[in-house]
Structures are given as C-alpha cells and as structure tokens.
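Below is one structure; the comments refer to it alone.
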Amino acid sequence: MSKYKDKDGGIVFSFGGQWVSWAHTIVAYTAFLSALIVGVSLHYHKIVQNEFHGYPQEWFPSVSATIGDRYPERSFFMIFIAITSGPRFALVGLFYLLTRKPGTKLPGFIASMGVFRTLTCGGWTYITSTDDHDWHDILMISYLVATLPWTLGCIALSPPNPQAIKYRKYLASAFFGTLVPLIYFFIQHKVHRVAGAYTIYAFFEWSLILFDIGFDAVTALDYNTFEVVIRDVKGLSKGDNLSSVPSAVMEKEKEKATGGLYSLRFTWSEALDTVADVYHGFVFWSMLTSLGLVVWYFPLWHMGISGYEAFVSVSISPLLLVGPLRSAVISNQRIIHLLSLSGVAAYLVLDPARRLFTVGFGVAMSTLGWVATLHAESLHEARFESKVLGLLVGLILSSTAKFAWQTNNPIWPIMHEANGGWNLTGLVLGILAALRFTRKAPLTSGAPDGVQRGSTVLAACGVGGVFFGMHSLLSDTSTMILWVWEGFPIRGPYFSTHGWCTLAAMSAGLFIGICKPSLAGSWPQYAVGTIGAMVLTFFSHWFGYYGGLVIAAYLMAVAVPLLTNASKKSPAVTFGLGFFIYVFLVLFHVWVVAYAFVPGGPLVREHTDWIMYSMMGLIGAGVYDYNASQPRKQQPLRPSASQHKKYFGFATIVVNILFLCAAFRRFPANDYKPYHAKDRVLTAGIWTIHFSLDNDMWSSEYRMRDLIKEMELDVVGLLESDLQRIIMGNRDTTQFLAEDLGMYVDYGPGPNKHTWGAALLSKFPIVESKHHLLPSPVGELAPAIHATLDVYGELVDVFVFHSGQEEDPEDRRLQSEYLAQLMGSTPRPAILLSYLVTKPLEGNYNTYVSDKSGMHDVDPTDWDRWCEYILFKKLKRVGYARVSRSTITDTELQVAKFVIPNSAAEAQQLDSVSAEERNRRVQESEVPEGWRFPAMFRGQGVRDHRYHVFDEPRYFN
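Written out as structure tokens, the structure reads:
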C-alpha cells in the first residue's frame, strides 16, 4: 500500500486512490448500521413506535427514527457521519480530477453538486426534525434534488469502464425506482393510517441508503488509476484510453444511459434562450387561464348574463393575421409581445371592469403574438420547435406554479401582495423574457397561403380541440384528480400527493410529440387517447385517473404535430378559427352546469360527456389533416439542430423537480387538533363563499382562512365552492384552507357532476363520506355531502347541502323530502350545514325540521334567515352566532357550538328533552369559558367582521 522513495523520487508515502472510496463506503455504512444496532438493542419499542401504531403492528424502525434524537444511537451516527465527510470530499475531488477535460464545464458542475450534497447531508443529519422541522426538510429536499444531477453526471462522465458503468446504471435505477413504493407506503401510513405500512416504508428507506452509498462506492473501480500523493499511474485523467472496450462504444453507452445529456454543448446564450422561451410560455398560459376567471366575476355578481362575457372571445385575435396586417405584426413581434404583458400588469388596475379590459387586451395581444411567432418560424424546424417547446413547457411550469400556490397562479390579476401574489416579480421577469424571446428577427414571414396540402378548417379544428383539452384538463394538476374523487375512505389519487403523476404524464407526452411527431399524430395513438378520455369521463377512483394520465400524455404529444401543421398554413384560419372553436368549447364547458341561467342551457344540461366527444372529434379532425398534409418523405433534423431539445429536456426536469419540492412541502403533516378538546366542544359553521372571489375581484382564500381560524371552527361547510372549470380558473380553495388550517377536506361532488359545489373541512377524521345529487328535474343540481366524523371517539354525521333556487319550488320540495329521509336514516348524532332557500317555520322548513328527519333548528327564534340554516340532533347545542362577511362574499358566516355526548345513551337522552328545555337561553356568564365564542368580534369587531343580527352570540343550556 505504501512506498518509500529515494530522495530523487520525492514520494514518502502513497496508496491507491480506490482506498478513498472504500474508506467512504465503510465509514458511511458504519454510521447507519451502528445506529441501527444500538437503537434496536436499547430502544426497540420506542423507535418502531410512530404517531399511529406501535409494536407489533410496526416492527422495523425507519432511518429517521433510528438516527434521530435518542442517545446513544444518535451519537454513534453523528460521530461516524462526521468521519465520513473527509473521504467524501476527497471522493468528489478525485472524480473531478479524473473526468475534467478542456472545453467542457460539466465535470465542474457535477463536482459542485457533489460538494453541495455533502454539505446538505451534514445539514439534515445534524439538524433533526425535532431541532428545526423546516430547515431539516429544506436540507433534505436539497440533498435529494442534487442527487439527480450527481447521479446522471457520474454516469455521463464515467470513464470507459464497462463494469463501473453497469453498476452505476443498476444502482441509479434501483435508487430512483425505490422512490415510487417509498412514497406509496408513506401515503398509506400518513394519510390512510394503515398499520404496518410504516414498517414496509422503512425497508424502502433503508434501501435508499444502501443504494445511495453503493452508487458512490463504484468509484473504487475507477480510482485504481490514481496513486496518492496524487499521481495518475495509468494516464487515464489525461485522456489516455487503456480500456479494452473501444472508446466509441463506451461513449454510445453513456449517451444512451444519460439520454443524450453528455453530448450537450452548454452555452449561457442557449440556456438563457430556453429559460426565456419557457417563462414567456408560462406568461401566456397564466394570462389565458386568468381571462375566464375575471370574466366570471361579472355574471357572478349580476346573477345572470352581464354582457362582459363577450371578453371571453378576445383570444380569436389571430383572425387579424391577414394581408398587410400579418406582415406588420410579424415584423413587430417584440412590440406585440411586450404589449401582451399588460395582462400581467392588470393587478395594478383596482376597478374590476377596467381590470377585465386590461386582461382582455393582454390575452388578445398574447395569442396574436404567439401565433405570429409560430407562423414566422414554421419554415425553420429547430427555431420553430424551440418556440413550441417554450409554449408547452410553459404550460407545465404554469401547472407547477399553481400547485405550489395551492391552485392559484401567483401572477394572476386576482392576486396581489396581500393574498400571496408575486405580480411585480412576474411582470419584471416577463419583460426580460419577452425581450430575450424576440431578440432574433423572424427569418421569414411564414409559409404563403395555399402552399400546404390539406384543409385549414380541419387544422383549425385540431387547434381548438387541443387548446381546450390542455386548458380544461391540464392547467391544474388536481383537476382530473377531483373528477375521480368520490369521498372517504380514499380509494383513488389525492390532489397533494399524486399531482406529480399528472405532470409526469404531461412531460412524457410532450417529448414523445417532439421526438416522434409522426407517432403522436398517428391514428393508433388517437385511439389510445380517446379511450383515456372516455375512461376519465365515465369511471372514478384509480381506474378513472389512469384514463386521465393517458389523455394528459396524449394531449401534450398530439399538440406538437397539430400546432406544427397549423402553423404552416394561413394563421388567420387555423388559429383564428381554431381559437373561435376553443371559445365555443369553453362556453359549452360552462353551459353544462350553468344551464339554468343561460339561453339554450337545458339542451346541454349535465353533458360533460358531449364535451369530451366534441373535444376528441375536433382533435381527430386535426389528426386527419396532419396525416393528409405530410410529405411522403421527411428529412431528419441535423444532429446539431437537435441541441435545443436537450436544453428543454433539462428545463422540464428542473420544473418537475420544483414540483416535487413543492409536493414535499405540501405533504399532509398536520396534527388536526380541535380547538376545545378538553370541553368536548365541536364548533361548526356554514358559509357560502361565492367561488372565492371577493367584492373587489381579489382571491379571498387568505381572508376566509383568517375568519375561520379566529372563529375557532372545527367543522365548516363551504358552498359555491367548485372552481374546477375554465371560467373559474381551475382552482380549489379547499386545498389552501385545509392545509393551512390543519383540517381534513372532502371536496364533495366533483367538477364532472355539474354542481356549484359543496365542501367539508373538519378537524376531526372523516371516517366515511358519500356524495349525493338531489332531485332537480328543472333547476340546477343540488349537491350534498353525508360525512361520518370521529369526534372525541364518538361517530357524528355531518351533512353539507345546497338546495335549488327560489325559481324552482318543485325542485326544492323534492330536495327537502330526499334530505329529510337521508338525515332521518342515521341513528347517530348529526348536524346539517345548509343553504335551504326557505323562511323559518314556513314551507319546506317543516320538512327539514320534522319527525321524519329528527332534526332541530339551531335557533327557532331567528326569524331573519332565508338561506343558511344549521340543524342538529342528539347533541347538546350550547351556542349560536352570525358573523358579518365584510367584503369577502355575499353571505354571512353562521356558527354553532355543540357538546358531544359520551355515549349513544346520553345522545338519545339529549334528543328526548322538550323543545322548551332544549331552547332555553342563558347569559354568556352562565356557560363555561370553553363554550364561548371569541370576544374579538363583539362591537365593531375586526376587519368588518362582527356579531350581527343579534349583536352578540346566543347561548343555550
């Protein structure tokens, strides 16, 4: 191992470089395994115990439990992991010396990732989740994020050693493949609380440690070329090839293993072009998805057609691309694209109508500019592909941003600093991206009209269908998940834990379309996409979502050939007519649920299936034209011309990593504690939230969150809460509220069930829930949720219900009978949180409050109600209050407090008392402090929220 040289040699001591790898491997494994052995020996039952289960259901400890807070195993781990740092830094340094070559920056970048991983490893191991949960998570996420480029880089830069390359590929595949079951069993443990799931999760977690260290151990096969003090005894680091395997063969192996990233010629100019293209695409989708939302504000407040709906058609602006105007627009694209940013700047306009005008102008300029760009670049394949990739990766980035902001886009015009908006930042970046995006003058004014074969009308059908599909289904990763949601227990995907599956399908589909456009535009693929659309439409749970993943991948894939084909024809027809068809589908998309308020609405009532048929039929027309328009022989791209694909591929990977980081931060980790557990109090509320747009057209989630938290609501029903439509921004307010307030959430009947929405938020576990669509032969559908909660160990049923409109008395009568029977069918204590459209003590009220339902009114003397009611049975009602809405919505928040009985016998006894005794009012001073409502809303209250109608809460005893 060591050598002593004479004075001429100058080397006193040396050893083979492979011992650096062996030292790192041995000490790293010792750190983890010693902690495991000591922990199992001294604290076995404690380290297998988790928040839900213990031994014998859970019998193997996780990594975090093993190396966590207990002495002495934590000390064993920290001592050895500290020793590991020396060999680790040396390992990274030797790999850089081995792989560096003149003219390439990749070795330096990979070495920096290796150093970064080492530092973050020290961070998350020495800062435990008990010490500082946030920093522990940040450093852990950073470590995992850096692992991807480190792994790919090591494979890409691997010396021509077949054995080392093989082991690296196997271990990398095993590492990343293990993440899938790891996440699955963690969800089974954390969300579903399955006994034993955490033990299985622990095995996969330990496997990750073994694979991660093992991957770095492979360097021992390369470092035998080094002698330390460092002398390259084989000359490999200078480029000499002593392997028996031809270098060209090994380079192809590395190219195949890394997806071509190794051959990427990195330049800052091309990287900035890619970033600008993607961000400018993100801005396009941000503005397009915001248009319907600001249009929706006006019919929402007018309760009918307002006239402002005409703005939804501004996206047909490409119709202007005819004659001299086409040349003028193409020649002045920079001006058009900069003008389009008015849609991002619209948040500065406070008046809602003027803000709508500003957004409409921005969307018109944006669609005009993008179509002009695509048409102008259509004859230059590489530049055109870059623009298409920018547009479509921009959609992926838009969906990622919405996920990170819990379904709100941070640069929408309904956002501002007070509710989490990043509008100014988005605008500044948008200006820089637009300038970079338009820095190259168009090479041509586009293909002349009539040159291409095929039909411009059929091409326009394809454009309309694919834009509608991407907007309605893919602009938010939770949309299709909520299509297949059917309540608790969870039997399908969950929006915060499985949203990335949608994004991954979109990403895969996009690059199928770019790399194999003829495959993406083929009839077999169209058949697969159609099957996926139908499965999503007609099935629920996981099977329905699998169809959603298929249609997600297909829409992104087929968008490439359809947009390519359309861009080479007359843009005024293919895109002007195409966006007109898109607008028609958008209105169709609204009409199926808004049929009671629009002309001709009953003709398409509840026909989401017709929308899907129409969308796929239009895409089929586009596919037909694409195949009819293609030349018989297509020339492949020059290898040098395909570099942009790798830049965009890397950009897509980065966006996916950002999504996964956001998903990690959003993973359900709340303790779900009720506010007054020691008093066995349940505080329930009902609120009609008017689609989460306040009186001034700002998103209202933050203000709603504050009132719900300050009123100490344990359970709240939300009505008019289904926002998963184009016209409402494909949002979901309940995600933000549930995660921020620490509550379980049931979204209620999904967006494909054609209701205005009902949702339930609960501090108590939702044992089971069922969704109901009540009889509505004439008017709008009435949604209801019937949920069973585990409240302090007792099962309590909660009903959330929105009845039909005043104009449809027969609907409301039938609904009252249905719901009365449903409430009467449960023998358990129950609460109704509802919107009934009736007067107290009159009409249908006497069906809801009846012997048939068994329900009692929270306060029969409250004569001022018309819509919102709280009913109950077999509970001790102790308080009732009405809280003013401020400018959040058009309806107040009603709240009631109940004490939960200790047994079924006690619940039955509560229900048998007389009405006079049940409704006996008392003073606040006569009830325990835990039964009282917050005092902050007395008098003038706060933020225009105060107790009103009675001027104070009412108490009962």
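Those letters in the sequence shown? Residues 1 to 957, per the UniProt record's numbering, in order.
Where is the CB? At the ideal position from N, CA and C, for every residue including glycine.
Keep in mind it's a predicted model, so treat the numbers as computed, not measured.
Item to complete: With a threshold of 16 other CB atoms inside 10 Å of the CB of D944, please say whether the residue is buried or exposed.
Response: Counting Cβ neighbours within 10 Å, D944 comes out exposed, since fewer than 16 surround it.
Discussion item. To the nearest angstrom, how far is the alpha carbon of T403 from that of L473?
Written reply: Note on identity: in this sequence residue 403 is Phe, with Thr being the wrong assignment. Rounded to whole angstroms, F403 and L473 show a C-alpha spacing of 14 Å.
Item to complete: Count the C-beta pairs between the stretch 111 to 123 and the stretch 141 to 160 that are closer than 8 Å, then say yes if the count reaches three, no if not.
Response: The stretch 111 to 123 vs the stretch 141 to 160: in contact.
Worksheet item: Taking just the CA atoms, how far does G196 sit from Q57?
Response: Each residue's alpha carbon lies about 5 Å from the other.
Item to complete: Leaving aside the five residues before and after L458 along the sequence, list all residues of the same chain whose C-beta is less than 7 Å from its C-beta, in chain order.
Response: Contacts found: A621, G622, Y624 and D625.
Discussion item. Check for me: the beta strand (DSSP E) holding R491 runs from which residue to which?
Written reply: Unbroken run through R491: none, as it is neither H nor E.
Item to complete: Could you have a look at I67 and say whether DSSP puts it in helix, strand or coil?
Response: Annotated three-state conformation of I67 is coil, per DSSP.
Worksheet item: Cα-Cα, which of K874, P517 and K839 is closest to W864?
Response: The identity of residue 864 in the sequence shown is Asp, whereas the question assumes Trp. Nearest C-alpha to D864: K839.
Item to complete: Using the Cα positions of E924 and P72, report the straight-line distance between them to the nearest angstrom.
Response: C-alpha separation (whole angstroms): 54 Å.
Worksheet item: Rounded to the nearest angstrom, how far is the Cβ of F495 from that of L503, given a contact under 8 Å?
Response: About 12 Å separates the two Cβ atoms, so there is no contact after all.
Worksheet entry | Contact set for E710: own chain, Cβ-Cβ below 7 Å, skip 5 residues either direction | Closer than 7 Å at the Cβ level, and outside the excluded window around E710, lie P934 and M936.
Worksheet entry | Outcome for Q406 when other beta-carbon atoms lying within 10 angstroms are tallied against a minimum of 16 | Under this definition Q406 is a buried residue.
Worksheet item: Taking the C-alpha atoms as reference points, what is the distance between M140 and S886?
Response: Distance between the alpha carbons of M140 and S886: 42 Å.
Worksheet item: From which residue to which residue does the beta strand (DSSP E) around E768 run?
Response: Boundaries of the beta strand (DSSP E) around E768: I766 to L774.
Worksheet item: Should the stretch 590 to 604 be regarded as contacting the stretch 553 to 571, the criterion being three or more beta carbon pairs within less than 8 Å?
Response: Too few Cβ pairs lie closer than 8 Å, so no.
Worksheet item: How many whole angstroms separate the CB atoms of I47 and T66, which I take to be in contact at a CB cut-off of 8 Å?
Response: Rounded, the Cβ-Cβ distance is 6 Å, consistent with contact.
Practice prompt. Can you give me the Cβ contacts of R813 inside the same chain, cut-off strictly under 7 Å, excluding the 5 residues immediately before and after it?
Written response: The residues are N844.
Item to complete: Would you kindly check if the distance between the Cβ of A276 and the Cβ of F60 is under 7 Å?
Response: A276 is positioned such that its CB atom lies no closer than 7 Å to that of F60.
Worksheet item: Could you give the distance in angstroms between the alpha-carbon of V329 and the alpha-carbon of T574?
Response: Roughly 17 Å separates the two Cα atoms.
Discussion item. With DSSP as the reference, identify every bridge partner of D746, one or two as the case may be.
Written reply: In DSSP, D746 forms a bridge with L760.
Worksheet entry | Sheet register partners of V883 (DSSP bridge) | Paired residues: L893 and Y947.
Practice prompt. State the CB to CB distance for the pair S315 and T367, rounded to an integer number of angstroms; the pair is presumed to be in contact (CB under 8 Å).
Written response: About 5 Å separates the CB atoms of S315 and T367; that is less than 8 Å, so the two are in contact.
Worksheet item: So the alpha helix (DSSP H) Y554 belongs to, where does it begin and stop?
Response: Run containing Y554: H541 to S567, per the alpha helix (DSSP H) assignment.
Item to complete: Determine the burial state of P639: buried for a count of at least 16 other Cβ atoms within 10 Å of its Cβ, exposed for fewer.
Response: A caution first: P639 carries a pLDDT of 41, below 50, which makes its placement in the model unreliable, though a value can still be read off. Counting the other Cβ atoms within 10 Å of the Cβ of P639 gives fewer than 16, which makes it exposed.
Practice prompt. Measure the beta-carbon distance from I396 to V655 and round it to whole angstroms, keeping in mind my assumption that it falls under 8 Å.
Written response: The pair is a contact, with the Cβ atoms about 5 Å apart (cut-off 8 Å).
Discussion item. Buried or exposed, going by whether 16 or more other CB atoms sit within 10 Å of the CB of Q525?
Written reply: The residue in question, Q525, is buried, as its Cβ has 16 or more Cβ neighbours within 10 Å.
Worksheet item: For P517, does the three-state DSSP call read helix, strand or coil?
Response: Residue state, collapsed to three classes: helix.
Worksheet item: Excluding the five sequence neighbours on either side, which residues of its own chain have a C-beta within less than 8 Å of the C-beta of T118, listed in chain order?
Response: Excluding sequence neighbours, T118 sits near S85, R88, F89 and V92.
Discussion item. Measuring alpha carbon to alpha carbon, tell me which residue in L272, I127 and P159 is nearest F95.
Written reply: It is P159.
Practice prompt. Compare the C-alpha of H45 against each of T199, F691 and P413 and name the closest.
Written response: Each of T199, F691 and P413 was checked against the Cα of H45, and the nearest Cα belongs to T199.
Worksheet item: Whole-angstrom Cβ separation of A787 and D746, contact assumed at under 8 Å?
Response: Rounded, the Cβ-Cβ distance is 6 Å, consistent with contact.
Discussion item. Taking only three categories from DSSP, how would you classify W698?
Written reply: Reduced to three states, the DSSP call for W698 is coil.
Worksheet item: Cα separation between G153 and A382?
Response: Straight-line Cα distance between these residues: approximately 26 Å.
Discussion item. Measuring CB atoms only, is the stretch 751 to 758 touching the stretch 712 to 721, in the sense that at least three cross pairs come out at less than 8 Å?
Written reply: Note that the stretch 751 to 758 touches the stretch 712 to 721; at least 3 beta-carbon pairs, one per stretch, sit closer than 8 Å.
Worksheet item: Counting pairs of Cβ atoms below 8 Å between the stretch 280 to 289 and the stretch 364 to 379, do you hit three or more?
Response: A contact between stretches requires three or more CB pairs, one per stretch, nearer than 8 Å, and the stretch 280 to 289 meets this requirement with the stretch 364 to 379.
Worksheet item: Which residues mark the beginning and the end of the alpha helix (DSSP H) in which Y955 is found?
Response: Per DSSP, Y955 lies in no alpha helix (DSSP H); the unbroken beta strand (DSSP E) holding it starts and ends at R954 to F956.
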